[in-house]
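*Asks:* Dropping a structure here in structure tokens format, bear with me for questions.
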Amino acid sequence: MDEKTIIEWLEDAMDLDEGTISNDTVLEELEEWDSLSRLSLMAIVKKKVNRMLTGNDLSSFVTVQDVIDFLR
Amino acid sequence: MDMSKNVLITGASSGIGEAAARYLTEQHYNVILVARNEERLKKLVNELGENARYYIYDFKNLDRIEDIFIYCKECNLMLDGLVHCAGYSNNLPVKEMEPDILEDMIDVHANSYLMLGKYMARKEYSNRGASIVGMSSMSVIIQKRGMAAYTGAKTLINTYTTIMAKEFVRREIRVNSIMPAYVNTPMLQEMKIEHENAMGMIEPEYVAYLIEYLLSDKAKYITGAHIPMSSGMLGDVRHIKNGG
Chain A
57 MDEKTIIEWL EDAMDLDEGT ISNDTVLEEL EEWDSLSRLS LMAIVKKKVN RMLTGNDLSS
117 FVTVQDVIDF LR
Chain H
10 MDMSKNVLIT GASSGIGEAA ARYLTEQHYN VILVARNEER LKKLVNELGE NARYYIYDFK
70 NLDRIEDIFI YCKECNLMLD GLVHCAGYSN NLPVKEMEPD ILEDMIDVHA NSYLMLGKYM
130 ARKEYSNRGA SIVGMSSMSV IIQKRGMAAY TGAKTLINTY TTIMAKEFVR REIRVNSIMP
190 AYVNTPMLQE MKIEHENAMG MIEPEYVAYL IEYLLSDKAK YITGAHIPMS SGMLGDVRHI
250 KNGG
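Line order of the protein sequences matches chains A and H. For the first sequence, the working numbering gives the first residue as 57, with consecutive numbering after it. For the second sequence, the working numbering gives the first residue as 10, with consecutive numbering after it.
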């Protein structure tokens, strides 16, 4: 899974415009990184790569890069 | 540059959907009409002119709803509005209810509304600030015998409206529903029942006026609302118009 795709998933989950976030964006600093976005990301990851993200996985993500590392 | 709004209307071949199609084109909106009956849609589109086009779809099937949005995209129409009027009545006492009747009713009215909302919420298909209008019913408030499936489906439309309004607020997409009392449509004529609107049967264009208002920027602060259009159908009020 290339990092561009994962960034797209995150933007999609948070309804952000393309190019709004980058690898070093801190998720907690985004107003859009709320419980609904987390549910959305879980559903996207399940659908695209058939992996289950747990609540613990989600809480462990600090930056966008953490999500990329986890999924790659 | 064409600044008219692009609006998808379901159930557009008759009743409230048709009235909305007529009024919205009159008000210079571009409309994409969706229904099952190609003959009627074709005729209506010819009548409405170049700002109208159509797509055939039966909402008993929830699996190919995205095709409607793909069609709009192929026509270079980013959507500013969705008006979901697809529906029908099938009055039946509960003791005569069948699973397929119940399932179709809920799918056509409500589940299709949610699936339409799913694609409407996506930035590849809609503009920020778009408006969604669902057709609910006064029967949700004044609940009647023989109308369990219909009323259940219309109640679900209000529920989905509330939740979509909350979820879509990030893209400033507004979601509202209208709850009309008895409207003078082929659906009601088929039912052969007497209306109970104290202020008379609602003509479909009056629902269309409210639809247009909710689609317009005049309604920019209104979201998550279920708006009754009672025509005086308020429970114990009787026909004042006919001799009160």
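Beta carbons are placed, not taken as given, at the ideal position from N, Cα and C, and that holds for glycine.
Just reading off the alpha helix (DSSP H) that H:LEU197 is part of, what are its end residues?
*Replies:* Translated into the one-based positions of the second sequence, residue 197 of chain H becomes position 188. That run of the alpha helix (DSSP H) goes 195-200.
*Asks:* Quick one: what's got a C-beta closer than 6 Å to H:LEU17's C-beta in the same chain, skipping five residues either side?
*Replies:* Reading the second sequence from its first residue, position 8 is the one you call residue 17 of chain H. Closer than 6 Å at Cβ, skipping near neighbours: ILE41, LEU88 and LEU91.
*Asks:* For chain A, check one thing: does any of its Cβ atoms lie closer than 8 Å to the Cβ of H:ARG183?
*Replies:* Indexing the second sequence from 1 puts residue 183 of chain H at position 174. So no, H:ARG183 is outside the interface.
*Asks:* Closer than 8 Å, CB to CB, is H:ARG180 near chain A or not?
*Replies:* Here residue 180 of chain H is taken as the residue at index 171 of the second sequence, counted from 1. At least one chain A Cβ lies under 8 Å of H:ARG180.
*Asks:* Look at the Cβ atom of H:MET242, then the Cβ atom of H:MET124, and state whether they are nearer than 8 Å.
*Replies:* Along the second sequence, read from residue 1 onward, the residue named residue 242 of chain H stands at position 233. Along the second sequence, read from residue 1 onward, the residue named residue 124 of chain H stands at position 115. No, they are not a contact pair.
*Asks:* Can you tell me whether H:HIS204 is helix, strand or coil according to DSSP?
*Replies:* Translated into positions along the second sequence, residue 204 of chain H becomes position 195. Coil.
*Asks:* Does the beta carbon of H:GLU176 sit closer than 8 Å to a beta carbon anywhere in chain B?
*Replies:* Of the protein chains in the structure, A and H, none is chain B.
*Asks:* Would DSSP call H:ILE182 helix, strand or coil?
*Replies:* Within the second sequence, residue 182 of chain H is the residue found at index 173, counting from 1. Coil.
*Asks:* Curious, which full-length alpha helix (DSSP H) runs of at least 4 residues does the segment 132-171 of chain H contain?
*Replies:* Complete alpha helix (DSSP H) runs here, min 4: none at all.
*Asks:* Quick one: what's H:ARG62 bridged to in DSSP?
*Replies:* Along the second sequence, one-based indexing puts residue 62 of chain H at 53. DSSP output for H:ARG62 lists H:ILE41 as bridge partner(s).
*Asks:* Who are the neighbours of A:LEU92 on chain H, taking C-beta pairs under 9 Å?
*Replies:* In the first sequence, counting from the first residue as 1, residue 92 of chain A sits at position 36. LYS175, GLU176 and ARG179, listed in chain order.
*Asks:* How many Å lie between A:LYS103 and A:LEU109 at the Cα?
*Replies:* As a first step, residue 103 of chain A must be located in the first sequence, where it is residue number 47. As a first step, residue 109 of chain A must be located in the first sequence, where it is residue number 53. Approximately 11 Å between the Cα atoms of the pair.
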